[in-house]
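Down below is the structure, laid out as structure tokens.
Protein chains: 2
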Amino acid sequence: MSNKNVVDAVRTTFAVLKALVELDGAGVTRLANRLQIPKSTIHNHLTTLREDGWIVKDRHDQYHVGFRFVDVSYHAKRRLRIYDMVKREVNELAEESGEMALFTVEEHGMGVCLHRKLGPNAIETPLYVGYRSTLHHTAVGKAILAFLPEERVEEIIERRGLEPETEHTITDRGELYAELEEIRETGVAYNHQETITGLVGVGVPIKRQNGSVVGAISIIGPTSRMGTERLDEYLTMIQRSVNVIEINSTTV
Amino acid sequence: MSNKNVVDAVRTTFAVLKALVELDGAGVTRLANRLQIPKSTIHNHLTTLREDGWIVKDRHDQYHVGFRFVDVSYHAKRRLRIYDMVKREVNELAEESGEMALFTVEEHGMGVCLHRKLGPNAIETPLYVGYRSTLHHTAVGKAILAFLPEERVEEIIERRGLEPETEHTITDRGELYAELEEIRETGVAYNHQETITGLVGVGVPIKRQNGSVVGAISIIGPTSRMGTERLDEYLTMIQRSVNVIEINSTTV
DNA sequence: GGCGGTCGTTCAGTCACAATGAACAGACAC
DNA sequence: GTGTCTGTTCATTGTGACTGAACGACCGCC
Chain U
1 MSNKNVVDAV
11 RTTFAVLKAL
21 VELDGAGVTR
31 LANRLQIPKS
41 TIHNHLTTLR
51 EDGWIVKDRH
61 DQYHVGFRFV
71 DVSYHAKRRL
81 RIYDMVKREV
91 NELAEESGEM
101 ALFTVEEHGM
111 GVCLHRKLGP
121 NAIETPLYVG
131 YRSTLHHTAV
141 GKAILAFLPE
151 ERVEEIIERR
161 GLEPETEHTI
171 TDRGELYAEL
181 EEIRETGVAY
191 NHQETITGLV
201 GVGVPIKRQN
211 GSVVGAISII
221 GPTSRMGTER
231 LDEYLTMIQR
241 SVNVIEINST
251 TV
Chain A
1 MSNKNVVDAV
11 RTTFAVLKAL
21 VELDGAGVTR
31 LANRLQIPKS
41 TIHNHLTTLR
51 EDGWIVKDRH
61 DQYHVGFRFV
71 DVSYHAKRRL
81 RIYDMVKREV
91 NELAEESGEM
101 ALFTVEEHGM
111 GVCLHRKLGP
121 NAIETPLYVG
131 YRSTLHHTAV
141 GKAILAFLPE
151 ERVEEIIERR
161 GLEPETEHTI
171 TDRGELYAEL
181 EEIRETGVAY
191 NHQETITGLV
201 GVGVPIKRQN
211 GSVVGAISII
221 GPTSRMGTER
231 LDEYLTMIQR
241 SVNVIEINST
251 TV
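Those protein sequence lines, which keep their order, are chains U and A. Just so you know, we're using my numbering here: the first sequence kicks off at 1 and counts up by one. Just so you know, we're using my numbering here: the second sequence kicks off at 1 and counts up by one.
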């Protein structure tokens, strides 16, 4: 079960934290049952986490992840120098388009949404800042994959699979590679109802001077409002934003 | 050294994470030196954290806290049902006042800023979403302290102290209690250059139906722009916002 | 108001395993 | 080539993480 050179107790603690997030707070017994770990062990971990200020216990003896992670989150985002600039551009894209605009980066083979702005007409989606998803079925995800080294892409597909989200999700490796090739040529990635039926998106990667990809920006909306000519319009807007970001990031 | 019923390995791991945040990324050796823990031990923890997707290693073998904490952060904030409403009100306060508006809650005896919005004229401060500080020298902090149970307040002062930030910071326990009493009567807390010289603020607590305090909202700006009458103006605005929040939170 | 059935918490024993230091390998400057 | 930084591996060992059973607090129910 346990690999070498790793600390199992750390695994346990983060399993507890993950469960607290998923259960939206829980008590000792519920955690013990869910994780199949004795109550006393769970209790020790919870006590440690609480004493160190990472979780809280409410008046009903329910434990919750604490706000200290908000601090960690801030510092994680701060590592991206372009973050503030990207935020500004994404906000503008949302305002101009009226739809939802977002910024996503890749980490451990998953896409993580780091900024999201709802325009005046934006639809409701489960997407939030911090949301993690596989890369193969989103506009931003494919935009990123297209510009990662080939071996990284294979590694990621191996690790994360090509699970279908809708009937339009690309689940064939060859098909995906063909589309990535096309994205490399055109510099644009689309999401044609591959994540949620009725939802389309257009995304463009943000690259460093050396050509490596940092992340991607996209605009997302319902098929009813996002026809071909509208998508083209949005694409132009996004490309302008990415241009601004890429140019300004070289000077810093 | 080690308490009973706690897991030291967990302490170590979070010490590593904390150091990674403070150092803005670091390698094995630097962490080992800083934490006075052998390299191999640090390495084991880093490997575990990385395999589980909590930290990343860049191309220069520097470890950084990962974006997965952004996800945790989101779920921590989501626990506050009033969060979205507060966010909207704070944004509006910042727009209307032109200054910085913010929302802070208490956790483990510290204030944690959960939302911050810069108005058009807002000044630069080190305050960010996730920022943690002691409670005794801020408007929001005192607003919260005033409506916590007396024994909690004593506990917090005992644990966190009354460190001076400027020459105006209240460091005397009796003086602080007197001011808290006044805040309880008026429902308003002020920060008169107690955190940063030249910076003043006005804050109001947000309470639940049962009278317990959830957090506080404030507007912060430079002394030059924030005279008595201006502060009164802002106070009225904040009170209106808090009113909206408190009324709407009872119906949910 | 007594009585199961929860819950969280405590505690001492034990053996897995976290911590360790020394050795190794790779990068880099000079 | 040489020296000095890195990060990494690995066998050893002694400690402390894990464990189950017992405890006590709480709550609803009959």
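We treat Cβ as the ideally placed atom computed from N, Cα and C, and that holds for glycine. This structure is a prediction, so every number in the text was calculated from the model and none was measured.
Cutoff 8 Å: residue i Cβ touching any chain A Cβ
| i | result |
| --- | --- |
| leucine 114(U) | yes |
| glutamate 92(U) | no |
| asparagine 44(U) | yes |
| methionine 1(U) | Note that methionine 1(U) scores a pLDDT of 40, beneath 50, so its modelled location is shaky; the value from the coordinates is reported in the next line. Not one chain A Cβ lies under 8 Å of methionine 1(U). |
| asparagine 248(U) | no |
| glutamate 124(U) | no |
| threonine 134(U) | no |
| glutamate 107(U) | yes |
| phenylalanine 103(U) | no |
| glycine 141(U) | no |
| leucine 49(U) | yes |
| threonine 186(U) | no |
| valine 214(U) | no |
| valine 138(U) | Note that residue 138(U) corresponds to threonine in the displayed sequence, not to valine. Judged by the 8 Å Cβ criterion, threonine 138(U) is not in contact with chain A. |
Chain U contact for residue i (CB, 8 Å cutoff)
| i | result |
| --- | --- |
| arginine 230(A) | no |
| asparagine 191(A) | no |
| alanine 9(A) | yes |
| serine 73(A) | yes |
| lysine 77(A) | yes |
| aspartate 52(A) | yes |
| tyrosine 131(A) | yes |
| valine 252(A) | Legend: pLDDT at valine 252(A) = 45, less than 50; position of this residue unreliable, value from coordinates given subsequently. Not an interface residue. |
| valine 70(A) | yes |
8 Å Cβ cutoff met for residue i and residue j
| i | j | result |
| --- | --- | --- |
| glycine 141(U) | glycine 119(U) | no |
| phenylalanine 67(A) | phenylalanine 69(U) | no |
| isoleucine 144(A) | leucine 135(A) | yes |
| lysine 18(A) | valine 28(A) | no |
| valine 200(U) | leucine 235(U) | no |
| histidine 137(U) | threonine 195(U) | yes |
| valine 202(A) | isoleucine 170(A) | no |
| valine 7(A) | histidine 108(U) | no |
| serine 212(U) | isoleucine 82(U) | no |
| leucine 162(A) | leucine 180(A) | no |
| arginine 79(U) | aspartate 52(A) | no |
| alanine 9(U) | alanine 9(A) | yes |
| valine 214(A) | valine 105(A) | yes |
Residue burial classification, residue i (beta-carbon count within 10 angstroms, cutoff 16)
| i | result |
| --- | --- |
| isoleucine 247(U) | exposed |
| threonine 71(A) | For clarity, residue 71(A) is aspartate in the given sequence; the question names threonine instead. With 16 or more other Cβ atoms within 10 Å, it is buried. |
| glycine 174(U) | exposed |
| glycine 198(A) | exposed |
| arginine 225(A) | exposed |
| threonine 48(U) | buried |
| threonine 167(A) | Going by the sequence as given, residue 167(A) is glutamate instead of threonine. Glutamate 167(A) should be labelled exposed. |
| glutamate 89(U) | buried |
| glycine 130(U) | buried |
| alanine 178(A) | exposed |
| serine 2(U) | Annotation note: pLDDT 49 at serine 2(U) (below 50); position unreliable, no value reported. |
| threonine 186(A) | exposed |
| proline 205(A) | buried |
The ligand ZN heavy atom lying under 7 Å from the CB of residue i
| i | result |
| --- | --- |
| valine 188(U) | In the structure on display, the ligand ZN does not appear, and there are no ligands present to speak of. |
Close Cβ partners of residue i (< 6 Å) along its chain, the five nearest in sequence each way excluded
| i | result |
| --- | --- |
| arginine 132(A) | Met110, Val112 |
| alanine 101(A) | Val90, Leu93, Ala94, Lys117, Ile219 |
| tryptophan 54(U) | Gly66, Arg68 |
| isoleucine 156(U) | Gly109 |
| valine 153(U) | Leu145 |
| asparagine 121(U) | Gly98 |
| lysine 4(U) | none |
Own chain partners of residue i with C-beta closer than 8 Å, once the 5 adjacent residues on each side are dropped
| i | result |
| --- | --- |
| isoleucine 192(U) | In the sequence as presented, isoleucine is not what sits at residue 192(U); that position holds histidine. Contacts found: His168, Val200. |
| threonine 125(U) | Met100, Ile196, Leu199, Ile220 |
Close beta carbons around residue i, own chain, < 7 Å, minus the five adjacent residues each side
| i | result |
| --- | --- |
| lysine 77(U) | Tyr83, Leu114 |
| glutamate 233(U) | none |
| isoleucine 183(U) | Lys142, Ala143, Ala146, Ala189 |
Practice task
Count the CB pairs spanning the segment 214-223 of chain U and the segment 55-72 of chain U that are closer than 8 Å, and state whether there are at least three.
Solution key: Cβ pair count under 8 Å is below three, so no.
Practice task
Evaluate the contact criterion for the segment 72-81 of chain A versus the segment 31-38 of chain U: three or more CB pairs, one atom per stretch, below 8 Å.
Solution key: The segment 72-81 of chain A, when compared against the segment 31-38 of chain U, does not touch it at the 8 Å Cβ threshold.
Handout entry: Three CB pairs or more closer than 8 Å across the segment 232-247 of chain A and the segment 146-154 of chain A
Key = With the cut-off at 8 Å, the segment 232-247 of chain A and the segment 146-154 of chain A do not touch.
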